[in-house]
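Structure record follows, encoded as structure tokens.
There are 2 protein chains.
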Amino acid sequence: MPAISKKALSMPSSPIRKLVSYADEAKAKGKHVFHLNIGQPDIKTPSQVINRMTNLEREVIEYSHSAGYPSYRSKLATYYQGIGLDVQNDNIMITTGGSEALLFLMQVCLDEGDEVIIPEPFYANYNGFAASSGVSVKPITASIEQNFSLPPIEDFEKVITSKTKAIVICNPANPTGYVYTKEELDVLRELVLKYDLFLFADEVYREFCYEGTPTSVLSLKGLEDNVVMIDSVSKRYSMCGARIGAIVTRNNEVLSNALKFGQARLSPPTLGQIAAEAALDTPQSYFDEVIVEYKARRDYVVKRLNAMEGVVCPIPEGAFYAIASLPIDNAEKFCQWLLEEFSLNNSTVMFAPAAGFYSSKELGLKEIRIAYVLNLSDLEKAMDCLEEGLKVYNKN
Amino acid sequence: MPAISKKALSMPSSPIRKLVSYADEAKAKGKHVFHLNIGQPDIKTPSQVINRMTNLEREVIEYSHSAGYPSYRSKLATYYQGIGLDVQNDNIMITTGGSEALLFLMQVCLDEGDEVIIPEPFYANYNGFAASSGVSVKPITASIEQNFSLPPIEDFEKVITSKTKAIVICNPANPTGYVYTKEELDVLRELVLKYDLFLFADEVYREFCYEGTPTSVLSLKGLEDNVVMIDSVSKRYSMCGARIGAIVTRNNEVLSNALKFGQARLSPPTLGQIAAEAALDTPQSYFDEVIVEYKARRDYVVKRLNAMEGVVCPIPEGAFYAIASLPIDNAEKFCQWLLEEFSLNNSTVMFAPAAGFYSSKELGLKEIRIAYVLNLSDLEKAMDCLEEGLKVYNKN
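These protein sequence lines are chains L and U, in that order. Using the working numbering, the first residue of the first sequence is number 2, and each one after it goes up by one. Using the working numbering, the first residue of the second sequence is number 2, and each one after it goes up by one.
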């Protein structure tokens, strides 16, 4: 039997999905599982999107342009202009989700053995894209005590070498919910200019900000050649399955080279693009309602968590995630136990163990990531499960 | 300005799409362009697919399982069983097009610097997937004089080294239309066993076979751990834009490792999967009509080509491509000239220069790939353009 690659062996499993088989077993036994492990919102996709699909007038579901439909790129540029960003349609390449955007950027901007700096905890799949590109991740640890704000810039400078090519941030952040201030971004700006690095910013949670408006890296002056923004319709319009994202940059060389990778995979999904273009007609009232809903969920979850003995959860200002530290020996063991052994009213709750969001070993071992993507009634039951689960688990 | 990667610089542009800007300019000037450069069929997507989309009853367009919807995988397994292949649903992982299937396989089975053998000319994007995985392609040249049949097995053995991990074939073949015989596949089988290699077979054109039925690598005995089949709905149901493909293998280690790459990108497109599942209800009469149509197109195009002075085109037995050798100095120059300078009745024709389908330098420089994906009336006009174009070009 031929051997598989070292790259495949080094590829991490998704911490968000690695316990899925235990959840499947629990469900097969008739137990209800509250899924707070994955950022799959229960929020309805805008009716504009569903209506567009049910009125699909196409005879052939064809390839689109490799960079995406010109009509969609143009409408998307208008959306960016509407939030104050100077973006034209030729600054945009449509991708198969934000995932492909980051994968392409790793390949366009970094070679095997090059290094990328990422404040941790970070969205775990960044590890996967780095591993599949042969790129080495250099984590800088953000601490739960400091609400996961930007670590001191000296920490970044300490790990910069001749192989460092880029910094990746997620803002608002998955998995911490932290929103970087303009001042923090200005500090990063100086660093990026000083060492002539790329700055990739995953801004897919832009609309989910509960205290003010986040600053886009595209608004930072003098970084036109350094900055690339990664976007996605997945969360904004609750249409994760569309698999439509974008690379947005004023650096033409990055974009034209990303297009070569885009040509190799032919085109982003046509049906998803039609849906995403329709999504741009979503009225503001949709977002207003969604934000009210998520803010209420956040407030409820954070309050419940911090009221549990030994649990610490900083207040996230954006996205729909929170990281909580639990009074347990090991979060992965606990999360698996919740699925395999525990139930309350024939239900249990599933979280993502936070260790998988850290690149440094031995960090986050007692932390979980909570995606507050269920309605308040379900969140209440899920928090009841956690509270009771902690008591039972610690008695064992 | 930070430098982009060597990998990006080495990434080839798609020969199928690289002349697109010239085509766009021609169209902007009001010239009609017959697109025989790209495998985008004009055949209608089955009504079962369109009807499924217009009856979409979903409130949330969610992620699917990273390996694809279980219901779709199960129905797809039944389709394979129907064509005599022993495939179960857990032998299948759904991918974002056949493109992603091959990209994942390159990453799962080969490390940076490893080698893959591919008979050339081959589907040009294999070069792209290899380049983006750091894998080295070792081409074995198939000759137009031998109708692009399997090159002598000694040619394969000559290039096998300790770094050789896999052989890739496309059957029926893009870009040649050649269909490998059972005897040729048996010869490959021996080679694969002798050196314990992977054999990846791109079988997306299975239904497009004009003289008999093609043999799937999945039917070769004793290759359960070596063989991986790549599939796609793009051509079968004329739904290229759905971006739904599959990895099919009895090698569980390959599949479980491919799933890690699949988890990193979350899920294949949901809307495309819904469409693809509906496509499996397409009646046989649809394919019967399509095959009659393509056979007529093939016969017409090949006859016209071979009737042109100095043009040589072997008869393709499958897919909807043909490679023709032209009496010109350089096919890329000629193809660009057709778009920029030439017109007949205010129309012109676009082909893919075949050099991009060869990995060896200096091969195929006078050849073009023709995708006969237009109706007979358009093909007639396109062939008129080519015939007249050759005369005018060679007078200049």
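Ideal Cβ placement from N, Cα and C applies to all residues, glycine included.
Would the beta-carbon of residue i fall within 8 Å of that of residue j?
i: N92 of chain U; j: S75 of chain U; result: no
i: T261 of chain U; j: S326 of chain U; result: Going by the sequence as given, residue 261 of chain U is Lys instead of Thr. For K261 of chain U and S326 of chain U, no; Cβs fall outside 8 Å.
i: P47 of chain U; j: Y287 of chain U; result: yes
i: V205 of chain U; j: V169 of chain U; result: no
i: A132 of chain L; j: K7 of chain L; result: no
i: F358 of chain L; j: T349 of chain L; result: no
i: F321 of chain U; j: Y373 of chain U; result: yes
i: I248 of chain U; j: I275 of chain U; result: no
i: R299 of chain U; j: P315 of chain U; result: no
i: A353 of chain U; j: I329 of chain U; result: no
i: G246 of chain L; j: G98 of chain L; result: yes
i: F157 of chain L; j: L192 of chain L; result: yes
i: Y181 of chain U; j: L151 of chain U; result: yes
i: I5 of chain U; j: E60 of chain L; result: no
i: D43 of chain U; j: L375 of chain U; result: yes
i: G83 of chain L; j: F209 of chain L; result: no
i: E333 of chain L; j: A308 of chain L; result: no
i: K166 of chain U; j: C110 of chain U; result: yes
i: V302 of chain L; j: I371 of chain L; result: yes
i: G69 of chain U; j: M107 of chain U; result: no
i: P270 of chain L; j: G129 of chain U; result: no
i: K296 of chain L; j: Y211 of chain L; result: yes
Specify the secondary structure class of residue i as computed by DSSP and reduced to three states.
i: M351 of chain L; result: strand
i: C241 of chain L; result: helix
i: T283 of chain L; result: coil
i: S133 of chain U; result: helix
i: T165 of chain L; result: strand
i: I145 of chain L; result: helix
i: V293 of chain U; result: helix
i: I170 of chain L; result: strand
i: L345 of chain U; result: strand
i: V228 of chain L; result: strand
i: V180 of chain L; result: coil
i: K261 of chain U; result: helix
i: A125 of chain L; result: coil
i: N278 of chain L; result: Here residue 278 of chain L is Glu; the residue named in the question, Asn, does not match the sequence. Three-state DSSP puts E278 of chain L in a helix.
i: S6 of chain U; result: coil
i: D300 of chain L; result: helix
i: I17 of chain U; result: coil
i: E363 of chain U; result: coil
i: G213 of chain L; result: coil
i: G223 of chain L; result: coil
i: R305 of chain L; result: helix
i: I154 of chain U; result: helix
i: S22 of chain L; result: helix
i: L256 of chain U; result: helix
i: D330 of chain L; result: coil
Could you tell me which residues DSSP pairs with residue i in its beta bridges?
i: Y322 of chain U; result: U:A372
i: G246 of chain U; result: U:T96 and U:S233
i: C314 of chain U; result: Looking at the DSSP assignment, C314 of chain U forms no beta bridge with any residue, so it has no partner.
i: I39 of chain L; result: For I39 of chain L, which the question treats as bridged, DSSP gives no partner whatsoever.
i: V138 of chain U; result: U:V117
i: V34 of chain U; result: U:T349
Which residues in chain C sit within 9 Å of residue i, going by Cβ to Cβ distance?
i: C241 of chain L; result: The structure shown has no chain C; the protein chains it does contain are L and U.
Ignoring anything shorter than 4 residues or poking outside the region 43-95 of chain U, list the alpha helix (DSSP H) runs there in chain order. 48-55 and 71-83
If we require 3 or more residues per run, which beta strand (DSSP E) segments fall completely within the region 186-210 of chain U? The beta strand (DSSP E) runs lying completely inside the region 186-210 of chain U and spanning 3 residues or more are 199-203, given in chain order.
Mind listing which residues of the region 89-122 of chain L have their C-beta closer than 8 Å to chain U's C-betas, in chain order? T97, G98, S100, E101, L104, Q108, V109, C110, L111, D112, E113 and D115
Using Cβ-Cβ distances below 7 Å, what residues of the region 320-338 of chain U are close to chain L? none
Using a Cβ-Cβ cut-off of less than 9 Å, give me the residues of the region 5-24 of chain U that come near chain L, in sequence order. I5, S6, K7, K8, A9, L10, M12, P13, S14, S15, I17, R18, K19 and V21
Closer than 7 Å, Cβ to Cβ, to anything on chain U: give me those residues from the region 132-154 of chain L, in chain order. S133 and G135
Within 7 Å of chain L by C-beta, residues of the region 241-265 of chain U in sequence order: Flagged, chain order: C241, G242, A243, R244, E254, V255, N258, K261, F262, Q264 and A265.
The region 186-211 of chain U: which residues have C-beta closer than 8 Å to a C-beta of chain L, in chain order? D197, L198 and F199
Listed from N- to C-terminal order along the chain, which residues in the region 157-179 of chain L have their beta-carbon within a distance smaller than 7 Å of any beta-carbon of chain U? K166
Positions along the region 35-56 of chain L whose CB lies within less than 8 Å of some CB in chain U: Residues passing the 8 Å Cβ filter: I39, Q41, P42, D43, I44, K45, T46, V50, I51, M54, T55 and N56.
Output, in sequence order along the chain, the residues in the region 221-236 of chain L whose CB is closer than 7 Å to any CB in chain U. D226 and N227
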